[in-house]
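What follows is a set of notes on a single structure, which appears directly below.
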Amino acid sequence: MNFKALGEQLGLDEEEYRELIDLFIESGGADYQKLLDGVAAGDADTVCSCAHTIKGASGNLGLLDVSAVASLIEERAMNHKLEDIGQAVETLKTQFDAIQAFAQK
Amino acid sequence: MADRATIIDLVKRVKTLETEQEKTRSAQEALKESEERFRLISETIHVGVFEVDTSGNCLYTNTRYQEIFGLNLVQSLTTDWHDYVAQEDRGRITKAWRSAADELQTFSADCRIVSAKGTNRWIHVYASPVFSDEGGHYTGTVEDITIRKENEKELESAKEAAEMASRAKSQFLANMSHEIRTPMNGIIGFTDLLLETRLDEVQTDYTSTIKRSGEALLLLINDILDFSKIESGELEFEAIDFDPELLVYDVCELVRPKIGNKPVELICSIGDTIPTLVSGDPLRFRQVITNLLGNAPKFTEEGEISITLQMDMETEDKVLLHALIRDTGIGISADKVAAVFEPFQQADGSTSRKYGGTGLGLSICKQLATMMGGDTWAESELGKGSTFHFTAWVHKVVSEPPQRVTPAILNAKRVLVADDHSGTRAILEQMLTLAGMETVGIDGGKQVLPTLTAAQKDANPFDVALIDLDMPDMNGYAVAGKLRAEGCKLVLVALSSALERDAAKCKAAGFDGFQAKPVRRERLLQMIGRLLGEGAKGEDSQENSRKMHTQYSVREAMKHSVSILLAEDNLVNQKLAVMMLGKAGYQVEVAGNGKEAVDKYDASPEKFDMIFMDVQMPEMDGKEATRNLRKLGHTRVPIVAMTAHAMKGDREMCIEAGMDDYVTKPINRERVFDVITKYVFERRGHEL
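Laid out in structure tokens, this is it:
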């Protein structure tokens, strides 16, 4: 991950981009938790809307692989196929952790 | 006879010989003495001395020379001094020595040597050519400068270490500030969200306090961050085109609420030589002006605060802008004036307790100004107020900058300005006169009617009157009411520095237009132009059909900074949009959901030029919010959807809900700016 290059795409400097990433880790983390709760409760609407939020924010930040996974979850939740999203939710978690680890370097 | 003569001759010659001998002996003695003196000097002197003949052979060395190189006399005469130069300097020194010898130049150099005894030393060699009949040879000195060099090196490394430590500290501070800023953003963002939830009164109060404190802390951190960035040399300046006049007016609007209800008049005067467009860093320029102007209300309880922007110098490609910020506040004593620009210094230790502030603001201003090639300074007298100055060089814009347009209709029209404040009157008179109008100023409300009547009688009637709402002898509402009661059809424009604009009250009193102080030249002229053009005073126009012109209803006709309402619930997207749009010079206000967006827009529709609307939001989604806004009668404001659902039919659904266009997420800068251009600038252009 190159924060400088990702920031430049948005016309921001690295520091500003980092600020956004930090905010994303925080608020995205909260969304992710809500998504997990939704999965546990079998509440497809909540899962769908949380995945949608994560998709939007990560996409805006240029984190396209995160956005793609979130999009997959959203789509499946929309079709009420919660049983098929386990793997994707795991992937999302891994991605979050990786971003967080990278940001703290 | 001959013998005698011979004897005498002989005696004479002996005498002469003796005299000669005596002379020679004393000359020899003198020579010996001189040689002895030279030897003594040469042997006791603390520098090495040597002599080299034309072909490079060493003719003489003194004891010190031999000591430095660790040689005995014979060795010293059979070797060259540069044979002992250390490996790392040898190439350079040999070359320099040869070229000096070739051209019979003076030679002077510092170098390292390894003496015959293996000692490392630093020496300074100085040799100058001596010219004689036999050609040129060199005499030189060799000085042992080992200790001096060591000291220099120590000093250098100490200096480097100190600078490194200082940079590291600034860097640490910058990092820390950043690290603090991030969780602060979280705190403030989530506090905002918390405020949106159902809270009782006490909870709302506590939460608001958290938010306010958080914001204050963030400001402080931003100051520290700026300061440490400057210190660590990390601050970069941009070169962006901006309009200095617009910038100053924007800052005035920002600062005006800080005056509150205090009897303080805010005056803004822009020199007419100020270019419409310059190139520089508007953010930093604005930061300095905001800081200087923002300080004034803290220290001014009554009187006036004025900002004047003028051009001090002009070169082929640059101009020196000079902003003067005057107030009639508490002032600063002479011995403290200079100190206010020092970091962490305020005029008085108690100042920060009473007036707040970090004590960094002015110091940052000074450094920013210096980096813009200018300066900041202050003049002040205790109890009389202060004047702060700020100068900065900015580049001229190469392409033809837009000219300031003045409606032609204003030419030769007569305007009456009624304001008790002489400063404001002077600025308005200057503005209007420059626009080609004939201007008459009076300092109270009571004289308005007599002045108008007299002019009517002289067959030289007025076309427009600008009337201050807050005059001590007779307020503007009363004046307007009286004029309308007398059947006067003149165009009336209200001027007010009150924060709350009461459009209904102005309209009821009979005003045609309203301008907030400090009055913006462009807005005022465009409004008067429109009012005159419409013939609002026409005989057949019905009194109640008269449309009230606020300063914003003519907004489309003039430049101003574009203000955008952003409805978006996600904190990341909010922040990103604010950063992106803010950097491009737009003003952004955020609404956390559709309902908030409707409330915000409906409360002050004049504030916003367009709305970006996220489609999926809690409480009320973007489509519903748009439908509500359109239902409330806000049919003209451009609403552009921002959505991550880039699915077929989405566009139709947005348009159906009353939106003008849509952009898909991820947000693409160019696309966003294109949309703003399309819906704000071009539309504005068409309506002109």
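These protein sequence lines map, in sequence, to chains A and B. At position 75 of the first sequence the residue is numbered 75 (the working numbering), and the sequence of numbers has no breaks. Residues are numbered in the working numbering as their position in the second sequence, beginning at 1, plus a constant of 105. All C-beta atoms, glycine included, are put in the ideal place defined by N, C-alpha and C. Treat the numbers as computed from the prediction; the structure is a model and nothing was measured.
| Query | Result |
| --- | --- |
| C-beta neighbour in chain A for residue 287 (chain B), strict 8 Å | yes |
| Within-8 Å CB hit, residue 276 (chain B) to chain A | no |
| Proximity test, Cβ basis, 8 Å: residue 774 (chain B) and chain A | yes |
| Buried/exposed call for residue 290 (chain B), threshold 16 Cβ in 10 Å | buried |
| 3-residue-minimum beta strand (DSSP E) runs that sit fully inside the region 719-780 of chain B, ordered along the chain | 744-748, 766-769 |
| Closest residue to residue 389 (chain B) among B:347, B:215, B:256 (Cα-Cα distance) | B:347 |
| Residues of the region 14-36 of chain A with Cβ closer than 8 Å to any Cβ of chain B, in chain order | 15, 16, 18, 19, 20, 22, 23, 24, 26, 27, 28 |
| Contact list for residue 387 (chain B) against chain A, beta-carbon separation under 7 Å | None at all; the shortest Cβ gap to chain A is about 15 Å. |
| Opposing strand residues paired with residue 580 (chain B) [DSSP bridges] | Partner(s): none; residue 580 (chain B) has no beta bridge. |
| Residue 72 (chain A) at chain B interface by Cβ criterion, 8 Å | no |
| Chain A residues whose Cβ lies nearer than 7 Å to that of residue 684 (chain B) | 12, 16 |
| Pairwise C-alpha distance: residue 785 (chain B) and residue 64 (chain A) | 31 Å |
| Exposed unless 16 or more other CB atoms sit within 10 angstroms - verdict on residue 850 (chain B) | The displayed coordinates of chain B run from 106 to 793. Any statement about residue 850 (chain B) would go beyond what the structure contains. |
| Nearest-angstrom Cα separation, counted from residue 619 (chain B) out to residue 634 (chain B) | 14 Å |
| is_contact[residue 57 (chain A), chain B] using C-beta, thresh 8 Å | yes |
| Sequence-distant residues of its chain with Cβ nearer than 8 Å to residue 772 (chain B) (five each side left out) | 678, 681, 682, 685, 747 |
| Under 8 Å from the C-beta of residue 688 (chain B): neighbouring residues of chain A | 11, 12 |
| Meets three-Cβ-pair contact criterion under 8 Å: the region 405-417 of chain B and the region 425-433 of chain B | yes |
| Residue-chain proximity (residue 779 (chain B), chain A), Cβ-Cβ < 8 Å | no |
| The alpha helix (DSSP H) enclosing residue 349 (chain B), as first and last residue numbers | 349-364 |
| Expected contact under 8 Å - CB spacing of residue 116 (chain B) and residue 246 (chain B) to nearest Å | Actually they do not touch by this definition, with Cβ atoms about 54 Å apart. |
| Rounded straight-line distance, which links the Cα of residue 397 (chain B) to that of residue 676 (chain B) | 32 Å |
| Residue-level contact to chain E via CB, residue 53 (chain A), 8 Å cutoff | Checking the listed chains, one finds no chain E in this structure; the protein chains it contains are A and B. |
| Test: residue 61 (chain A) CB closer than 8 Å to a CB of chain B | yes |
| Interface partners of residue 283 (chain B) on chain A, CB under 8 Å | 15, 18, 19 |
| Sub-8 Å separation of residue 716 (chain B) and residue 742 (chain B) beta-carbons | yes |
| Stretch-stretch touch, CB-based, cutoff 8 Å, three pairs: the region 513-533 of chain B with the region 475-483 of chain B | no |
| Residue 402 (chain B) (DSSP reduced to helix, strand or coil) | helix |
| Contacts of residue 291 (chain B) in chain A (Cβ-Cβ under 9 Å) | 22, 23, 26, 27 |
| Any chain A beta carbon closer than 8 Å to residue 728 (chain B) | no |
| Inter-residue Cα distance where the pair is residue 735 (chain B) and residue 763 (chain B) | 7 Å |
| Inter-residue CB distance, residue 46 (chain A) and residue 38 (chain A) (contact presumed, cutoff 8 Å) | 3 Å |
| Short-range partners of chain A found in the region 547-566 of chain B, where Cβ spacing is below 8 Å | none |
| Extent of the continuous alpha helix (DSSP H) to which residue 24 (chain A) belongs | 14-41 |
| Of the listed residues B:779, B:778, B:730, B:780, nearest to residue 761 (chain B) (C-alpha basis) | B:730 |
| Beta-carbon gap between residue 482 (chain B) and residue 494 (chain B) smaller than 8 Å | yes |
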